[in-house]
Amino acid sequence: MKVLVALKRVADPDNANKVKIAAGGTAVDTTGLEWKTNPFDDYALEAALRLTENGKTPKKREGEVVVVTIAPKEAETTLRAALATGADRAIRVEATDGDLDGRLVALALKSIVDAEKPDLVLMGKQAVDGDSNQVGQRLAELCDLPMATFAATIKEENGALLVGREVDGGVLTLRVKLPALVTVDLRIVSPTSVFSRLTEAGFKYNDGVRFAPLPAIMAAKKKPLDVKSLGDLVSGAQLSTHYTKFERPPQRSGGGKVKDVSELVEKLANVSKVI
Amino acid sequence: MADALVVAELAEDGKLKKSTLSAIAFAKQALPALGGSFSILVLGSNTAQPAAELASYGAAKVYTCDDPSLAHYTAEHYAPTVAELAKKFGLVVATATSIGKDLMPRVAARIDAAFASDCSAVSAEGGKVVYKRPMFAGNAYGYCQLATPIQVATARQSEFEPAAPSGGSSPLEKLAKVAPGAAASRVEFVSLEAVKSERPELTEASVIVSGGRALKEKFFEVLEPLADALGAALGASRAAVDAGYAPGDFQVGQTGKVVAPSLYVAIGISGAIQHIAGMKGSKVIVAINKDPEAPIFQLADYGLVADLFQAVPALVAELKKRKP
Ligand SMILES: Cc1cc2nc3c(=O)[nH]c(=O)nc-3n(C[C@H](O)[C@H](O)[C@H](O)COP(=O)(O)OP(=O)(O)OC[C@H]3O[C@@H](n4cnc5c(N)ncnc54)[C@H](O)[C@@H]3O)c2cc1C
Ligand SMILES: Nc1ncnc2c1ncn2[C@@H]1O[C@H](COP(=O)(O)O)[C@@H](O)[C@H]1O
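Right, here's the structure in full:
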């Protein structure tokens, strides 16, 4: 199986409360925050690796994993990290975040999909900087692919995937025939959430994503990394989402303490009047 | 002048989902910028009952599309019909439920429209619609305008009070399902394992009792009596769900459900950025945690530093004393 994984780098999501708003409210300022791979995209890569191996022999890739990002040159560290973890090839499309919106990212990725013809496109359900949650669904439509968003489990069948999706009321299972597109949710990296056709039913992965061993980090420097320009992929690439203003949310005034449960109940009943 | 289209949502049993009323509220708030009216589209295999219900909200029209292939929602079958009708409108909106989030970007791509997701407010500025969106786990709000002829959006349910019926009866119009692309024949609904519960829905509850990793296998044993005493819905942190203590659809947070009840009780939850993003809009927040430095306390109106395994049963007993 050939899998294409879309990766985006984002400002360190665990320190998202340190983002600043530039003077005049014209931009979100993330200086001082480290770049990290969008966690959901790390999970998508892990799912791609699990789908292209026998869980028992993770060093042997059965098929191909290609990673792609649309980002400036510094984001090549994100791609190299993915190559070290097990991806075979990388593509970077030159653009800055300011050149992009969800519509353009999806259009650019469509032209990559057309050229690469993967059996499966795997991506995160949302990039946790913009929290937009749209590129996967858009890309599926542009490529006329069946999709399963918010995947918590994936089981490979003959020419299809059985995907368990976390939805509002529970778990919804879809079967999508390949080629298809899947966006992943948090639980996709649980020990028994992804099974390729080669992985035995009782197999358990370690919880979470795998880490690249040191020799692999060295070897990844030699793996192919192609660079393309956004203009070559999308003609007349014009933004259609224009941010005019940013602001900080109002701060809550918390920090109150109670000494025991009877004071708590008294406050809830007589001060806040919520019970 | 342009009109707005609301895409309604039905539950698996075919009943109208209350979440739809938030999208109606959104559409009404966008009308000053659009200058037109709003209509509603409902799709399913038997829309008569929900359509009748929707006819009392003041819509210019209620469109219905009935087809056996629409009995279970799949974006591949729904999007073409929504996108075709959308061409008559300037703005198309649904509520950001798991269906709205799945469907609307696909609709947007089909008509090459820009899309604003999970909006917390909508307003008019110089005749343009301005969408307010939480970003960076709710640590910034961005205001954006969409430059395509048709605009697509989803509304954050907790930020839009459900629209109230305004009487009258909107005219109904039947639509034929638009033939879908090849993708539709390659996706198959297999099953929905619904989490059954007598409790209110998380996104609609006025009180939520939410548990974290600290609950361990005693998640339900400890929290159910408290939820019963408060008439609350149950929620959870990611860590509690990942560990299998609570089902996935309990998760509150940046990437789970966003809630804004009048009372949110966080028990054994540390208060990570991603969790806070989903509950900081709550009116009153209570935290019970044994670590006095836990970040959740900075947010809580009433913090109780205590071992939850003692404090929660004591709290239940105290509540019972009040309400015999
Ligand atoms: C991409 C991404 C998305 C995420 N999305 C979400 C999301 O939507 N929602 C979410 O919740 N998280 C989310 N997370 C996870 C988040 O970062 C935290 O890891 C998670 O919220 C922690 O859950 P917790 O508070 O239950 O566990 P912990 O952080 O382990 O906290 C447990 C708490 O319990 C307390 N405790 C322990 N024993 C007791 C006791 N006996 N009595 C009282 N207190 C006790 C401890 O002091 C501690 O504060 C996301 C993470 C990532 C990377
Ligand atoms: N600039 C980008 N380059 C590559 N992939 C991206 C980019 N932006 C978004 N994606 C992919 O699209 C998913 C959803 O992003 P979004 O719709 O922006 O929340 C992400 O998890 C990535 O897999």
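Quick note, the sequences are listed as chains Z and U, same order. Taken in order, the first sequence gives residues 2 to 276; the numbers are from the numbering used here. Taken in order, the second sequence gives residues 180 to 503; the numbers are from the numbering used here. Even glycine gets a Cβ: it sits at the ideal position worked out from N, Cα and C. These numbers were taken from a predicted model, which means no experiment stands behind them.
Between the region 33-56 of chain Z and chain U, which residues of the former have CB atoms less than 7 Å from a CB of the latter, in chain order? none
Alpha carbon to alpha carbon, how far is Asp182 of chain U from Ala319 of chain U? 30 Å
Look up Pro313 of chain U in the DSSP assignment and give the residues it is bridged to. Answer is U:Tyr320, bridged to Pro313 of chain U.
Can you check whether the CB of Ile92 of chain Z is closer than 9 Å to the CB of Leu226 of chain Z? yes
What is the C-beta distance between Thr31 of chain Z and Ala12 of chain Z, in whole angstroms, given that I count them as a contact (C-beta under 8 Å)? 4 Å
Taking Phe205 of chain U and Phe339 of chain U to be in contact with their CB atoms under 8 Å, please state how far apart those CB atoms are, rounded to whole angstroms. 5 Å
When DSSP labels each residue in this structure, what does Asn18 of chain Z get in the three-state scheme? Shown here, Asn18 of chain Z sits in a helix according to DSSP, grouped into three states.
Near Asp208 of chain Z, which residues of its chain fall below 8 Å by C-beta distance, leaving aside the five closest residues on each side in sequence? Val190, Ser191, Pro192
Just checking Val431 of chain U against ligand 1 - is the residue's beta carbon closer than 8 Å to any of the ligand's heavy atoms? Yes, since a heavy atom of ligand 1 falls inside the 8 Å radius drawn around the Cβ of Val431 of chain U.
Which class does His454 of chain U belong to by DSSP, given the choice of helix, strand or coil? helix
Relative to the C-alpha of Val388 of chain U, which residue among U:Leu394, U:Asp421, U:Ala445, U:Ala355 is closest? U:Ala445
Residue closest to Val259 of chain Z, alpha-carbon to alpha-carbon, out of U:Glu352, U:Glu472, U:Ala300, U:Ala485: Val259 of chain Z has its Cα closest to that of U:Ala485, out of U:Glu352, U:Glu472, U:Ala300, U:Ala485.
For Lys459 of chain U and Gly255 of chain Z, I'd like the C-alpha separation in whole angstroms. In a straight line, the C-alpha of Lys459 of chain U is about 10 Å away from that of Gly255 of chain Z.
Kindly say whether Cys323 of chain U, judged by its beta-carbon, lies nearer than 9 Å to any beta-carbon of chain Z. yes
DSSP on Phe41 of chain Z, reduced to helix/strand/coil? helix
Considering Cα atoms alone, identify which of U:Met283, U:Ser277, U:Lys240 is closest to Pro259 of chain U. U:Met283
At a threshold of 8 Å, does Phe268 of chain U count as lining ligand 1 (C-beta to nearest heavy atom)? no
Quick one: give me the first and last residue of the alpha helix (DSSP H) that Met283 of chain U is part of. 277-289
Cα-Cα separation, Ala355 of chain U to Cys244 of chain U: Straight-line spacing of the CA atoms in Ala355 of chain U and Cys244 of chain U works out to 6 Å.
Going along the chain, which residues put their C-beta within less than 5 Å of some heavy atom in ligand 1? Z:Pro40, U:Gly391, U:Arg392, U:Ala393, U:Ser416, U:Arg417, U:Ala418, U:Gly432, U:Gln433, U:Thr434, U:Gly435, U:Gly447, U:Ile448, U:Ser449, U:Ala451, U:Gln453, U:His454, U:Asn468, U:Lys469, U:Asp470, U:Ala473, U:Asp486, U:Leu487
Grouping DSSP H, G and I as helix and E and B as strand, with all else coil, what is Ala161 of chain Z? strand
Interface residues of the region 94-124 of chain Z facing chain U [CB-CB below 8 Å]: Answer in chain order: Asp102, Gly103, Arg104, Ala107.
Would you say the beta carbon of Met314 of chain U comes nearer than 8 Å to a heavy atom of ligand 2? no
Which residues in chain Z sit within 7 Å of Glu497 of chain U, going by Cβ to Cβ distance? What Glu497 of chain U touches in chain Z: Val262, Ser263, Val266.
Quick one: Cα of Tyr206 of chain Z to Cα of Thr154 of chain Z, how far? 13 Å
Proximity test, Cβ basis, 9 Å: Lys9 of chain Z and chain B: In the displayed structure, chain B is absent; the protein chains listed are Z and U.
Cβ neighbour criterion (16 or more within 10 Å) applied to His243 of chain Z: exposed
How is the beta strand (DSSP E) around Thr184 of chain Z delimited, first residue to last? 181-185
Euclidean distance between Cα positions of Ala28 of chain Z and Gly137 of chain Z: 25 Å
So that I know if they touch, is there some Cβ in chain Z lying closer than 9 Å to that of Leu184 of chain U? no
According to DSSP, is Ile219 of chain U helix, strand or coil? strand
Taking the alpha carbon of Glu383 of chain U as the point to measure from, which residue in U:Leu442, U:His251, U:Asp480 has its own alpha carbon closest? Closest in C-alpha terms to Glu383 of chain U, from the list U:Leu442, U:His251, U:Asp480, comes U:Leu442.
In whole angstroms, give me the CA-to-CA distance for Thr58 of chain Z and Val4 of chain Z. 18 Å
Val183 of chain Z and Thr174 of chain Z closer than 9 Å at C-beta: no
From the beta carbon of Ile71 of chain Z, is the nearest beta carbon of chain U less than 9 Å away? no
Check whether the Cβ atoms of Ile452 of chain U and Ala316 of chain U sit closer than 9 Å, and answer yes or no. yes
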